[in-house]
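If you're matching positions, the sequence shown starts at 1 in the UniProt record's numbering and goes up one per residue. Each residue gets a CB set at the ideal place from its N, CA and C atoms; glycine is no exception. Please read all numbers here as calculations on a predicted model, not as lab measurements. Presented below is the structure to which this report refers.
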Amino acid sequence: MHIGSKGWYVNELKKLGVRYIDGKKIERFKTFVLANLYDELIKENQIG
């Protein structure tokens with residue numbers, strides 16, 4: 001799996017416990033949506 005690919009983001013989000021967004025599986029979303037969510041979660045964890 002390449003870093004930054006859709007599969008990579010799905011795998012990393014699942015490690016963080018995210019499996020659904022608005023009731024839909026994360027696999028259904030485009031890469032940029034997953035990337036933005038991942039960045040938000042990482043920033044929250046670093047600050048908090």
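Measure the Cβ-Cβ separation of residue i and residue j and say whether it is below 7 Å.
i: I26; j: L13; result: yes
Hey, residue i and residue j are a contact pair by Cβ (cut 8 Å); roughly how many whole angstroms apart?
i: L34; j: K6; result: 7 Å
i: L37; j: I21; result: 7 Å
So is residue i buried or exposed if we call it buried at 16+ other beta carbons inside 10 Å?
i: F29; result: buried
i: Y9; result: buried
Is residue i near the ligand GDP - that is, is its Cβ less than 6 Å away from at least one heavy atom of it?
i: S5; result: Judged by which ligands are present, the structure shown has none, so any question about the ligand GDP falls away.
Going by the DSSP bridge assignment, what does residue i pair with across the sheet?
i: I42; result: Bridge partners of I42: none, in fact.
i: Y20; result: K25
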